[in-house]
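Inspection log for the structure reproduced underneath, given as structure tokens.
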Amino acid sequence: MLTGKQIDEARKRALTYFEKAGIVLTKKEKANIEVADFGLGDLEHTGLELVVYVSTDRCCAKELVLFPHQTCPEHKHPPVEGEAGKEETFRCRWGKVYLYVEGEPTENPQAMPPKRREHTYTIWHEIVLGPGDQYTLKPNTLHWFQSGPEGAIVSEFSTKSKDETDIFTDPDIQRITKIQE
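Heads up: the sequence shown begins at 29 in the working numbering, then just goes up one per residue.
Written out as structure tokens, the structure is:
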């Protein structure tokens with residue numbers, strides 16, 4: 029759970045990353061930056077900040093900001109209502125991102141799961157994305173990602189997004205951020 033002040037501070041901080049990357053947002057997009065702590069109340073380590081450009085029944089486009097070493101927890105996008113689940117492409121726009129997917133574990137992975145949550149990270153095949161690099165995930169693929177020491181911005185292009193149906197490895201995750209009054 030986050031306070032309104034924490035959300036405002038995270039939005040302002042995210043805007044500095046967009047400025048560093050030269051990504052222009054409209055006034056409305058700036059005001060609507062979503063701050064996701066995944067219900068853990070540890071935004072510095074687990075969370076992300078995002079802008080949704082478009083989300084229709086066919087496609088979705090977002091910008092994801094990750095502060096230094098911030099992690100989007102392990103999850104997958106399962107089949108829903110007869111659809112295969114979300115297919116998504118991540119394209120690194122700025123910084124460095126360590127993406128973990130199913131496959132042969134990387135011997136010395138660059139990322140470290142957030143403290144006290146290590147047991148909820150089960151896959152270790154590392155894909156390193158720098159500016160201009162991209163990777164496409166098929167529907168229902170388990171994955172997680174973490175930014176490098178400078179933070180990162182990732183563009184996400186996907187089929188229909190139903191974030192509320194994502195399945196997280198960590199049973200304590202809550203996808204929708206709750207604001208403490």
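All C-beta atoms, glycine included, are put in the ideal place defined by N, C-alpha and C. Predicted model, so just to flag it, every value in this text is computed and none were measured.
Beta-bridge pairing of residue i - partner residues as DSSP gives them
| i | result |
| --- | --- |
| Arg145 | Arg145 pairs with nothing; no bridge assigned. |
| Arg121 | Bridge partners of Arg121: none, in fact. |
| Trp78 | Reading off the sequence, residue 78 comes out as Leu, not Trp. Beta-bridge pairing links Leu78 to Glu62 and Leu92. |
| Ile151 | Answer by DSSP bridge pairing: none, since Ile151 is not bridged. |
| Leu127 | Ile155 and Phe173 |
| Glu116 | Leu165 and Ser186 |
| Glu111 | Val108 |
| Gln208 | Thr31 |
Residue i: first and last residue of the uninterrupted beta strand (DSSP E) it sits in
| i | result |
| --- | --- |
| Lys104 | Thr99 to Lys104 |
| Thr187 | His171 to Thr187 |
| Gln162 | Gln162 to Leu165 |
Exposure of residue i, with buried meaning 16 or more beta-carbon neighbours within 10 Å
| i | result |
| --- | --- |
| Cys120 | buried |
| Val182 | buried |
| Pro96 | exposed |
| Gly160 | exposed |
| Thr44 | exposed |
| Arg86 | exposed |
| Thr84 | exposed |
| His105 | buried |
Euclidean distance between Cα positions of residue i and residue j
| i | j | result |
| --- | --- | --- |
| Glu102 | Trp172 | 4 angstroms |
| Gly176 | Glu109 | 36 angstroms |
| Gly32 | Glu135 | 41 angstroms |
| Cys100 | Lys114 | 16 angstroms |
| Gly158 | Trp152 | 18 angstroms |
| Gln174 | Thr164 | 16 angstroms |
| Ala211 | Arg144 | Beyond the ends of the chain as shown, which are 29 and 209, falls residue 211; an answer cannot be given. |
| Leu76 | Ile195 | 17 angstroms |
| Thr197 | Gln98 | 17 angstroms |
| Lys206 | Leu78 | 16 angstroms |
| Glu72 | Phe66 | 12 angstroms |
Extent of the continuous alpha helix (DSSP H) run through residue i
| i | result |
| --- | --- |
| Asp191 | It is not in any alpha helix (DSSP H) - Asp191 carries neither H nor E in the DSSP assignment. |
| Asp36 | Gly32 to Ala49 |
Closer than 8 angstroms is the cut-off here; do at least three beta carbon pairs connect the segment 122-142 with the segment 187-197?
They do not touch, by the three-pair rule.
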